[in-house]
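Per the working numbering: the sequence shown ends with 472, consecutive numbering throughout. Even glycine gets a Cβ: it sits at the ideal position worked out from N, Cα and C. Quantities reported herein were computed from a predicted structural model and do not represent experimental measurements. Here is the structure we will look at.
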Amino acid sequence: MADRSFDVIVIGAGPGGYVCAIRAAQLGLSVACVEMRETLGGTCLNVGCIPSKALLQSSEKFAEANHALAEHGVTVERVGLDLARMQARKGEVVKANVDGVAFLFRKNKVTWLKGRGRIIAPGRVEVAGETHAARHIVIATGSESMPLPGVEVDEQAIVSSTGALALDRVPGHLVVIGGGYIGLELGSVWRRLGARVTVVEVLDRIVPTMDGEVAKQFQRILAKQGLTFRLGTKVTGARKGNAGVTLTLEPARGGAAEEITADVVLVAIGRRAYTEGLGLAELGVQLDERGRVKTTDGYATSVPGIWAIGDVIAGPMLAHKAEDEGVALAEILAGQHPHVNYEAIPGVVYTWPEVASVGATEEELKSRGVAYRAGKFPFSANGRARAMGETDGFVKILADAATDRLLGAHILGPDAGTLIAELALAIEFGASSEDVARTSHAHPSLNEAVKEAALAAHGKPLHL
Ligand SMILES: Cc1cc2nc3c(=O)[nH]c(=O)nc-3n(C[C@H](O)[C@H](O)[C@H](O)COP(=O)(O)OP(=O)(O)OC[C@H]3O[C@@H](n4cnc5c(N)ncnc54)[C@H](O)[C@@H]3O)c2cc1C
Numbered sequence: 009m010a011d012r013s014f015d016v017i018v019i020g021a022g023p024g025g026y027v028c029a030i031r032a033a034q035l036g037l038s039v040a041c042v043e044m045r046e047t048l049g050g051t052c053l054n055v056g057c058i059p060s061k062a063l064l065q066s067s068e069k070f071a072e073a074n075h076a077l078a079e080h081g082v083t084v085e086r087v088g089l090d091l092a093r094m095q096a097r098k099g100e101v102v103k104a105n106v107d108g109v110a111f112l113f114r115k116n117k118v119t120w121l122k123g124r125g126r127i128i129a130p131g132r133v134e135v136a137g138e139t140h141a142a143r144h145i146v147i148a149t150g151s152e153s154m155p156l157p158g159v160e161v162d163e164q165a166i167v168s169s170t171g172a173l174a175l176d177r178v179p180g181h182l183v184v185i186g187g188g189y190i191g192l193e194l195g196s197v198w199r200r201l202g203a204r205v206t207v208v209e210v211l212d213r214i215v216p217t218m219d220g221e222v223a224k225q226f227q228r229i230l231a232k233q234g235l236t237f238r239l240g241t242k243v244t245g246a247r248k249g250n251a252g253v254t255l256t257l258e259p260a261r262g263g264a265a266e267e268i269t270a271d272v273v274l275v276a277i278g279r280r281a282y283t284e285g286l287g288l289a290e291l292g293v294q295l296d297e298r299g300r301v302k303t304t305d306g307y308a309t310s311v312p313g314i315w316a317i318g319d320v321i322a323g324p325m326l327a328h329k330a331e332d333e334g335v336a337l338a339e340i341l342a343g344q345h346p347h348v349n350y351e352a353i354p355g356v357v358y359t360w361p362e363v364a365s366v367g368a369t370e371e372e373l374k375s376r377g378v379a380y381r382a383g384k385f386p387f388s389a390n391g392r393a394r395a396m397g398e399t400d401g402f403v404k405i406l407a408d409a410a411t412d413r414l415l416g417a418h419i420l421g422p423d424a425g426t427l428i429a430e431l432a433l434a435i436e437f438g439a440s441s442e443d444v445a446r447t448s449h450a451h452p453s454l455n456e457a458v459k460e461a462a463l464a465a466h467g468k469p470l471h472l
């Protein structure tokens, strides 16, 4: 006999799971959500998006006070760093967010089943020794940091992103293994606070899924900020000693090994799906070659009545992608016919300047043989960017050569993560670059650079 019975039991309360639970409850289903953490919100709210953005914001203010205010005629006598206060503020930001999810669960009558969930049979979930029944079970168990053989994480000297968010002193030398967005964001935080930062990346470029031209200029800007890059280099071993960690580096294409020392090493080589203890093998739920739960377009797994969304399935490991899937799946379970447009999911790196993209990169269009027009506009020609003193970067728009339909957009610059939203909307609506160019954009705003890039796709920018 089941202890309690629900229409839906969601396992995992990250942005995928908690959003799915709330939407399903809004649609009249009885819903429980299983979470084994002390607080709701998953990786994103507890040890991901939110704490990293809190530290990025605080460290940006520190860097601005140190290096940028004088140019504006603002003089500051002495800039100090109270890292304990900065970390405490981060904790307050996280708490406000995770408490917010608990409030939303109460408001929408979603039951939180506390503990680790295991699916013991289709329609049956065991949590803390009790068995609960559900017509539908949703796997939303997210992801974990990918380990690097030979470089064992202890969250003290060798840390994952979780440890890098919690350091209680600024390391003298931080080595970041991995030039993806998590490594670059956290590397930026500690660089701004005074650490020497070296990024070691096995590929010949950083942020490998982003547009190549953007990535090149982005790297140049980060280098100006003091980050050192060792591209085409792999880390093959780590030795801990009194003086920190000694890493062995080797050229990715072969060659002589060398050693470098670090006070702290951040392993940020990617994330992998987390399915431990769920009982999937016993149930026959199929995984793909990368350990992700295999699903149909409609999030059904290979076992009827069991569904999956978010980081644990294929696709970009992003909080808003997980949320969009959570909403869509709840609507499917309520008998509706939703759709997630995977061509219109933006990706943002929250360094300063920010990097944001949506849709196809130039490299992707070339490899698919799509004829396209590119329009580019630099922030150095945008009035608002000049007034802000933030002229690094550009907007690039890619449109179909025959139909002018927007295919991709890439922004490196101030507030790129906010600017990209209009282009995600434009792609969602099937807009052309001319539609964007003819839309009135407030003056003086950073968004005018988007309009000008759209005009440039037809060779006619007004301010260049
Ligand atoms: C440092 C960092 C920064 C990031 N920054 C961004 C960003 O700026 N923007 C962005 O879009 N994305 C960002 N991400 C990625 C984002 O956090 C993930 O894409 C997102 O959290 C995925 O949501 P999810 O719901 O699929 O899984 P998760 O958020 O991982 O949640 C899964 C939850 O399931 C729980 N769980 C797992 N197994 C069980 C079980 N058997 N029983 C009970 N509970 C279980 C876990 O405890 C966890 O709370 C960042 C990630 C990191 C690490």
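Check                                                                                                                                                                                : Outcome
Quick check on this structure: which residue in GLN95, ILE145, LYS98 has the alpha carbon closest to the alpha carbon of VAL42?                                                      : ILE145
Would you call PHE226 buried or exposed, if buried means 16 or more other Cβ atoms sit within 10 Å of its Cβ?                                                                        : buried
Using alpha carbons as the reference points, say which of ALA322, LEU286, ASP296, SER375 lies closest to ILE314.                                                                     : LEU286
On the DSSP bridge list, what partners appear for VAL384?                                                                                                                            : Checking the sequence shown, residue 384 turns out to be Lys, not Val. The partner list for LYS384 (beta bridge, DSSP) reads LYS404.
Tell me where the beta strand (DSSP E) around LEU414 begins and ends.                                                                                                                : 414–421
I need the boundaries of the alpha helix (DSSP H) containing PHE111, first residue and last residue.                                                                                 : 91–115
Is the beta carbon of ALA32 sitting closer than 8 Å to the one on VAL55?                                                                                                             : no
Go ahead and label PRO157 buried or exposed: buried means 16 or more other beta carbons lie within 10 angstroms of its beta carbon, across all protein chains shown.                 : exposed
Please specify which runs of the beta strand (DSSP E), each continuous and at least 3 residues long, are wholly inside the stretch 260–305, giving them in chain order.              : 266–270, 272–275, 279–281
Please check the pair LEU194 and VAL208, which I expect to be a contact at CB under 8 Å, by giving their CB distance rounded to whole angstroms.                                     : Not really, about 14 Å apart at Cβ, beyond 8 Å.
Which residue comes first and which comes last in the beta strand (DSSP E) that contains THR241?                                                                                     : 241–249
Might you give, ordered along the chain, the residues of its own chain that have their beta carbon closer than 7 Å to the beta carbon of ARG381, omitting 5 neighbours on each side? : ALA407, ALA409, ALA465
What is the residue span of the alpha helix (DSSP H) that ALA429 lies within?                                                                                                        : 424–436
Suppose only complete runs of 3+ residues qualify. What are the beta strand (DSSP E) ranges in the stretch 140–177, listed by chain order?                                           : 151–153
Hey, is MET325 close to ligand 1, as in C-beta under 7 Å from one of its heavy atoms?                                                                                                : yes
In this structure, does DSSP put GLY191 in helix, strand or coil?                                                                                                                    : helix
Specify, as a first and last residue, the run of the alpha helix (DSSP H) that GLY220 falls within.                                                                                  : 220–232
Contact check, LEU37 vs VAL109 under 8 Å by CB: the rounded distance?                                                                                                                : So it is not a contact: roughly 18 Å between Cβ atoms.
Compare the Cα-Cα distances from ARG300 to each of ALA316, LYS117, VAL356, GLY306 and report the closest residue.                                                                    : ALA316
Give me, in chain order, the residues of the same chain whose beta-carbon lies closer than 6 Å to that of HIS80; leave out the 5 immediate sequence neighbours on both sides.        : none
Given this structure, state the Cα-to-Cα distance separating ALA379 from THR411, to the nearest angstrom.                                                                            : 10 Å
For the structure I just gave you, are there three or more beta carbon pairs, one from the stretch 97–105 and one from the stretch 13–28, closer than 8 Å?                           : no
Can you tell me whether ASP319 is buried or exposed, with buried defined as 16 or more other CB within 10 angstroms of its CB?                                                       : buried
When the Cα of ALA148 is compared with those of GLY123, MET396, GLU333, VAL161, which residue comes out closest?                                                                     : GLU333
When you measure from the CB of ASP319 to every non-hydrogen atom of ligand 1, does any distance come out below 7 Å?                                                                 : yes
Since SER365 contacts ILE405 with CB under 8 Å, what's their CB separation in whole angstroms?                                                                                       : About 11 Å separates the two Cβ atoms, so there is no contact after all.
Going by DSSP, what residue range makes up the alpha helix (DSSP H) through VAL444?                                                                                                  : 441–446
Can you determine whether any heavy atom of ligand 1 sits closer than 7 Å to the C-beta of MET515, and answer yes or no?                                                             : There is no way to answer for residue 515, as the model of the chain reaches only from 9 to 472.
With distance defined between alpha-carbon atoms, name the residue in ALA352, GLY180, GLU371 nearest to LEU431.                                                                      : ALA352
Consider the C-beta atom of THR51 and the heavy atoms of ligand 2; say whether any pair is separated by less than 7 Å.                                                               : Looking at this structure, you won't find ligand 2 anywhere; what it does contain is ligand 1.
Going by Cα to Cα distance, which pick from SER196, TRP360, VAL272 is closest to LEU255?                                                                                             : VAL272
So what does DSSP say about ALA29, is it helix, strand or coil?                                                                                                                      : helix
Using the rule of at least 16 other Cβ atoms within 10 Å of the residue's Cβ for burial, across every protein chain shown, is ALA231 buried or exposed?                              : exposed
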